[in-house]
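In our numbering, the protein residues as written are 791 to 888.
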């Protein structure tokens, strides 16, 4: 059975929502601020604080990514039907070759 990609198709123009760009910039800014914090507090305690803050930022980023995925699955359920249709079409093509 051929593998079915769940990624966005690479053909055509890919639209990126402004919200995606905004959140990417927010997290990039947060990481740069953490690096500046570490430079100002170059001690073991500062490194532990920075590591804790980085872990929190990462967890928030991961939660946001999961929330966006859930919204995409709920708001745009046709996407998964299209993937199923592609898989079915691939199976039919394979069956016709046999």
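Backbone N, C-alpha and C fix where the C-beta goes; we use that ideal spot for every residue, glycine too.
None of these values were measured; they are calculated from a predicted model.
Considering Cα atoms alone, identify which of the options is closest to residue i.
i           : options               : result
residue 825 : 811, 840 and 814      : 840
residue 845 : 808, 886, 821 and 815 : 821
residue 815 : 859, 832, 856 and 851 : 851
Could you give the C-beta distance for residue i and residue j, rounded to a whole number, given that I count them as a contact under 8 Å?
i           : j           : result
residue 854 : residue 813 : 6 Å
residue 847 : residue 827 : Contact flag wrong, Cβ pair sits at about 11 Å.
Give the range of the alpha helix (DSSP H) segment to which residue i is assigned.
i           : result
residue 822 : 808-830
Quick one: grab the DSSP three-state call for residue i.
i           : result
residue 833 : coil
For residue i and chain C, any beta-carbon pair shorter than 8 Å?
i           : result
residue 851 : You won't find chain C in this structure, because it holds only one protein chain.
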